[in-house]
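Asks:
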Amino acid sequence: MITWTITLLAAFSMLCLIRVLRGPTLLDRIAAADAIGLMMTVILVLLGVLLERTIFLDIAIVYGLLLFADLLVITKYLEQGRH
1335 MITWTITLLA AFSMLCLIRV LRGPTLLDRI AAADAIGLMM TVILVLLGVL
1385 LERTIFLDIA IVYGLLLFAD LLVITKYLEQ GRH
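For the sequence shown, the numbering used here assigns the number 1335 to the initial residue and increments by one for each residue that follows.
#1: List the endpoints of the continuous alpha helix (DSSP H) containing G1357.
#2: Considering just the uninterrupted stretch of the alpha helix (DSSP H) at E1413, what are its terminal residues?
#3: On the criterion of 16 or more Cβ atoms from any shown chain inside 10 Å, does A1403 qualify as buried, or is it exposed?
#4: Helix or strand or just coil, what does DSSP make of M1335?
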């Protein structure tokens, strides 16, 4: 069950990658990149459960925090560009 979930998340990440590369607007590309990061975080958690390794959970937490900080920086940059 976990293996199928990881496979589906990887497939959905590839679909989001297409949106990142072809996105009609910059905001679509940012949203797709954020979705990829979120799916990769979930994949790391599922790998940790599947392999019974807590290090994957620690990495997922750090990756999630970096993903959130990255989104804040991008949002601040876009907000400054509109003034």
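Virtual Cβ for every residue (Gly too), placed ideally from N, Cα, C.
Replies: In short, the structure shows the following:
#1: Taken as a continuous stretch (DSSP letters only), G1357 belongs to no alpha helix (DSSP H), as it is neither H nor E.
#2: T1388 to G1415
#3: exposed
#4: coil
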